[in-house]
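Encoded as structure tokens, the structure appears first; notes follow it.
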Amino acid sequence: MDRDNGPRVRVPEQRAPEKPGTADALRFTVLGPVRAWRGSELLSSGSPQQRALLAALLLREGRTATASELIDAFWGEDPPSQALATIRTYASRLRKILGQDTLVSESGGYAIRTDRAALDLTLAQDLAGEAEKARAAGDRCQARTLINKVLGLWDGEALASVPGPYADNQRTRLEEWRLQLTEVRLDLDLEVGCHAEAVSELTALTAAHPLRERLRELLMVALYRSGRQAEALAVYADTRRLLAEELGVDPRPELAQLQQRILRADEELARPADEPAPAPAPLRPAQLPATVPDFTGRSAFVAELGGRLATAEGSVMAVSAVAGIGGVGKTTLAVHVAHQARRHFPDGQLYVDLQGAGARAAEPETVLGSFLRALGTADSAIPDTLDERAALYRSTLDGRRILILLDNAHDAAQIRPLLPGTAGCAALVTSRVRMVDLAGAHLVDLDVMSPEEALQLFTRIVGDERVGAEREAALDVVAACGFLPLAIRIAASRLAARRTWTVSVLAAKLADERRRLDELQAGDLAVKATFELGYGQLEPAQARAFRLLGLADGPDISLAAAAALLNLDPHAAEDLLEALVDTSLVESAAPGRYRYHDLVRLYARACAERDEEPVERESALSRLLDFYLATAAGVYALERPGDRLVDHLEPTDHAGLAFADRHAALDWLYTEATNLLACVRQVAHPATLRRAVDLLYAALDLGESGANAKQYEAAAVTVREATQECGDPRTESRAVMCLANAHQLAGRFDHADREAEEAMRLAETAQDLLAVSWAANARGIIALYHSRHQDGEAFLNRAIEAFRSDGNRPGEASALCNLSRIHLATGRTGSAITLARSGIEIYDLLGHALRGANGRYALGMALTQSEEFSAATAKLTEALEIFRDSRQRLWEGMTLFRLAEVEIASGQPAQAAQYAELALTVLRGIGGEWRRGNVLTVLGRALAGIGQTGRAQVCWNEALDIYDELGSTEADGVRSLLTSISAH
30 MDRDNGPRVR VPEQRAPEKP GTADALRFTV LGPVRAWRGS ELLSSGSPQQ
80 RALLAALLLR EGRTATASEL IDAFWGEDPP SQALATIRTY ASRLRKILGQ
130 DTLVSESGGY AIRTDRAALD LTLAQDLAGE AEKARAAGDR CQARTLINKV
180 LGLWDGEALA SVPGPYADNQ RTRLEEWRLQ LTEVRLDLDL EVGCHAEAVS
230 ELTALTAAHP LRERLRELLM VALYRSGRQA EALAVYADTR RLLAEELGVD
280 PRPELAQLQQ RILRADEELA RPADEPAPAP APLRPAQLPA TVPDFTGRSA
330 FVAELGGRLA TAEGSVMAVS AVAGIGGVGK TTLAVHVAHQ ARRHFPDGQL
380 YVDLQGAGAR AAEPETVLGS FLRALGTADS AIPDTLDERA ALYRSTLDGR
430 RILILLDNAH DAAQIRPLLP GTAGCAALVT SRVRMVDLAG AHLVDLDVMS
480 PEEALQLFTR IVGDERVGAE REAALDVVAA CGFLPLAIRI AASRLAARRT
530 WTVSVLAAKL ADERRRLDEL QAGDLAVKAT FELGYGQLEP AQARAFRLLG
580 LADGPDISLA AAAALLNLDP HAAEDLLEAL VDTSLVESAA PGRYRYHDLV
630 RLYARACAER DEEPVERESA LSRLLDFYLA TAAGVYALER PGDRLVDHLE
680 PTDHAGLAFA DRHAALDWLY TEATNLLACV RQVAHPATLR RAVDLLYAAL
730 DLGESGANAK QYEAAAVTVR EATQECGDPR TESRAVMCLA NAHQLAGRFD
780 HADREAEEAM RLAETAQDLL AVSWAANARG IIALYHSRHQ DGEAFLNRAI
830 EAFRSDGNRP GEASALCNLS RIHLATGRTG SAITLARSGI EIYDLLGHAL
880 RGANGRYALG MALTQSEEFS AATAKLTEAL EIFRDSRQRL WEGMTLFRLA
930 EVEIASGQPA QAAQYAELAL TVLRGIGGEW RRGNVLTVLG RALAGIGQTG
980 RAQVCWNEAL DIYDELGSTE ADGVRSLLTS ISAH
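In terms of this note's numbering, the sequence shown is residues 30 to 1013.
This is the structure:
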């Protein structure tokens, strides 16, 4: 093998590719099998020698090849006596296929005349040239897209099965070019933040090309940027050892310098050396809410804040914080100023409502994740911790001019991680509290409007004619509103919508409103008065809707859920909600979705407490719970046909939504996840506890997917605590089972086992066949993880019996597949395969795609152990596709892990390393540390198999730390691996 010095790909300047002019134009490929098409018809290109002639002519890109050149290309220095005649025969045959105008004879040789775009190679060259130009212009995303198109033109090995020395040389050249292009694309991957995804591919490439130092360099950078510093250093150690053994040389200077930068934890290495790449989507965030068309007054504040933002480029950290009571117009002012300042921030604007006035303020790490995605960072590249996200966020903003509007902040601590910290960027903050502890911030205190500004705003909404006729009454109205912009807007909107009202009528209605504010704190007096004014002007049906909708805990509510809560048909509910939107009491977050400003929600709840009987408040939330339960049960039934769980759920008085297919059903479930789980927590009290627990059961996908695992677990903890005093073993057993399942999915098997044991005891007391079967099934798989195989087999046999008694065939199939894994762990491979196939047969008979994937997962494991590797790969690949389609990230990651095990067992460590790396990426933040330890162990074995023993040791040491902390028996096996590699 030749030692690589890391050349950058250089493609000669080419003109743009042309498209064939007609539908039946000729097309040719050499980046794979040599083929010819006329339109969509594949033409016969004859014997391998005839294809060799076609390839030789195509590779000359229209230039003439003489007979002697072709003879050399075919036979080298030892041509047969009839070589020239043979060439002529092949040329004659090809001319009949391609046409006389395409294959021409001239100057004692032959040439193929065709458009550049008709040959995949010339098309690839042109695209590569465009990619170089895009990269030189700083458009990395476009360059990356073009390089991917070039690489996509390959269909296996170039010139596949074409004989002759010329074809051999060209095959080597094209393969080298392909590898150089791959290096360029991987380099671009790192520059746009896709380092975690790149690790898997780079691991496989370094195994295939162990002496290619450029690939090693890229792998070190990718690992370092993924937070795997020790592995990055191990790559260098492995490379140094390999080069010394194979070639007797040291790594090239660039690689040694990279090692030193990693040892120093060089912060600059965390991003490209030049300016950050433009974000792939969106390239330039523009998240500012729309400004109001009738913005009024505040001219001094607009000038003050606008001036600060205009000079942000020369400031280290340009931060302006606007403080004031709720309803004073902080957000309106900030959004207006931000829009005016957009030209000073050409790289985009970020916006977030931090929900600081509510009970659950936005978490900084969640906001940072959203901002990083908006700036183009891939999900897999976003770190887990707050500090790491904040550091990546500041690095991403460095060199860019972006405005960040942090609306409705709780306090300075919440926003500090969200500040850019670099020249050129600026932050504009709004909050109900003054940010006196925010170092370096420019503080602005926003008070109520002046009487003149307040009257101007009122006039803009109501109209000059009506206000001009009753100026004194209008002044009375704005004074009754406390000169608060939000109050004025609500009152004016109501008046504008009622043409029969005069301004005096409105003023009279508002005259005595402040008497209702005795119980309110002085600081919030005007805000509550504002809401009281708007509320008092609602029609009775609108007021009822306003009160009841505020009871729901979720961040927003869909039209269908609102209709259920209000006990109205969707059309009537929509009319009421849109009327509330018109009054500014409710916001329309998106078509068919509604939300409250946090202060308005608090007021709406206070109104409900005051104006609704407790039974009506409880009934409204009960109807909402019914809606979520009935709809989630429908989703479960579509996703798991034949599963008897839906028959054991509490009945509902209100129907849920129906879906055309499982994809639409899953879309609803994941869209409503936060609201649904918030509802579970909110209604976890005696009257609705049974249905709350059943809703968690029906929404099991939210826990298993990984996307909402933490929220699901929080809801499970809430209902578990609520059931302890309810005296209902049936409800308590199901709540405990939900929590056990959450623990098991998170890898906390000791906790899961204790909860599952308690769930089984309670289920037996309640004679709840559903909970008994589920608990027995869970205890069986947990026992497998604990290596208590005899116990596990007993539990699973009991689960099978319980499922059969209930007529729950999918449940029976689940237990059979789990029992297959017990048999597999105890050396009964044949029966393990039989059991898994029995489970799959049931699933397939019922059309149960998702659980059928679990069955294929179990069968793939058994086939691996029986050394039927091709069959195992096929089953696991089927499972992987279904898990991805069903958005089950946990099982997607675990299936990738099992595919890595297949490749290890079949002696393909490079492919195993690629699967294991993908598994680590998918399982980030889900599945628990035990599963991560398993993946790291297999990754280490794969790396050792491709000679990367330094990285293997790092992986095994990390896995050992995990197992030791958990007290897992797998620790002994990892110690043996470390001992064996040290001995070598």
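Note that the Cβ used here is the ideal one computed from N, Cα and C, for glycine as well. The structure displayed is predicted, hence computed values, not measured ones.
Exposed or buried, what is residue i when buried is set at 16 or more other beta-carbons lying within 10 Å of its beta-carbon?
i       : result
Gly50   : Because Gly50 carries a pLDDT of 44, less than 50, the predicted location of this residue cannot be relied on, and the following value inherits that uncertainty. Per the 10 Å Cβ criterion, exposed.
Lys904  : buried
Asp408  : exposed
Asp1001 : exposed
Glu994  : exposed
Val556  : With a pLDDT of only 47 at Val556, under the threshold of 50, the placement of this residue in the model should not be trusted, and no figure is reported.
Ala308  : Interpretation of Ala308 is limited by its pLDDT of 41, a score under 50 that renders its predicted location unreliable; no figure is taken from the coordinates.
Thr211  : buried
Ser1005 : exposed
Ala302  : With a pLDDT of only 43 at Ala302, under the threshold of 50, the placement of this residue in the model should not be trusted; the figure read from the coordinates follows. Burial call: exposed.
Arg545  : Any reading at Arg545 needs caution, since the residue's pLDDT is 29, under 50, leaving its predicted position unreliable; the model's value is listed next. Arg545 is exposed by the Cβ-count criterion.
Ala551  : Residue placement at Ala551 is poorly supported in this model, since its pLDDT is 26, which falls under 50; the coordinates are not used for a value here.
Glu226  : buried
Gln753  : exposed
Leu874  : exposed
Ala727  : buried
Asp416  : exposed
Thr902  : buried
Ala598  : One detail in the question is off: residue 598 reads as Asp in this sequence, not Ala. Result: exposed.
Pro584  : buried
Asn198  : exposed
Looking at the secondary structure, which residues open and close the alpha helix (DSSP H) in which residue i lies?
i      : result
Ser328 : 328-339
Thr58  : No alpha helix (DSSP H) contains Thr58, which is instead part of the beta strand (DSSP E) from 55-58.
Beta-carbon separation of residue i and residue j under 8 Å?
i       : j      : result
Gly821  : Ala812 : yes
Ala807  : Ala785 : yes
Leu475  : Ala352 : yes
Ala263  : Val983 : yes
Ala593  : Asp655 : yes
Pro282  : Thr268 : no
Ala470  : Val348 : yes
Cys170  : Val221 : yes
Val191  : Pro77  : yes
Leu1017 : Glu733 : The question about residue 1017 has no answer here: the residues shown for the chain are numbered 30 through 1013.
Gly511  : Val534 : no
Judging by CA-CA distance, which residue of the options is the nearest neighbour of residue i?
i      : options                        : result
Ala871 : Leu658, Arg885, Glu679         : In the sequence as presented, Ala is not what sits at residue 871; that position holds Ile. Of the candidates Leu658, Arg885, Glu679, the one whose C-alpha sits nearest the C-alpha of Ile871 is Arg885.
Ala842 : Glu701, Leu113, Ala865         : Ala865
Asn847 : Gly809, Ala939, Gln384         : Gly809
Asp218 : Leu182, Asp168, Ala891         : Asp168
Leu448 : His471, Ala419, Thr459         : Ala419
Thr181 : Ala153, Arg122, Ser867         : Per the sequence presented here, residue 181 reads as Gly, with Thr not at that position. It is Ala153 whose Cα lies nearest to the Cα of Gly181.
Ala403 : Val722, Leu539, Ala315, Val462 : Ala315
Glu284 : Glu274, Glu297, Ala261, Gly277 : For the sequence presented, residue 284 should be read as Leu rather than Glu. Among Glu274, Glu297, Ala261, Gly277, the Cα nearest to that of Leu284 belongs to Ala261.
Gly579 : Glu568, Pro599, Asp604, Tyr623 : Tyr623
Ala570 : Asn596, Leu426, Ser587, Ala581 : Asn596
His714 : Glu733, Gly377, Ala114, Ala764 : Ala764
Ala693 : Arg254, Leu667, Gln711         : Leu667
Val801 : Leu435, Leu768, Arg759         : Arg759
Could you please give the first and the last residue of the uninterrupted beta strand (DSSP E) stretch that includes residue i?
i      : result
Thr700 : Premise fails: Thr700 lies in the alpha helix (DSSP H), 691-700, not in any beta strand (DSSP E).
Val473 : 471-474
Gly138 : 138-141
Trp66  : 64-67
Tyr944 : Run containing Tyr944: none in the beta strand (DSSP E); it sits in the alpha helix (DSSP H), 938-951.
Whole runs of the beta strand (DSSP E) within the segment 376-454, excluding any shorter than 3 residues: 378-382, 432-438
Start-end ranges of the alpha helix (DSSP H) lying completely within the segment 742-825, minimum 4 residues: 758-774, 778-795, 798-814
Beta strand (DSSP E) runs contained entirely in the segment 883-930, provided each spans 3 or more residues: With a minimum length of 3 residues, there is no unbroken run of beta strand (DSSP E) contained wholly in the segment 883-930.
Contiguous alpha helix (DSSP H) assignments of at least 4 residues, all confined to the segment 699-734: 702-711, 718-727, 729-734
Whole runs of the beta strand (DSSP E) within the segment 177-250, excluding any shorter than 3 residues: Every candidate beta strand (DSSP E) stretch fails here, since none sits fully inside the segment 177-250 while reaching 3 residues.
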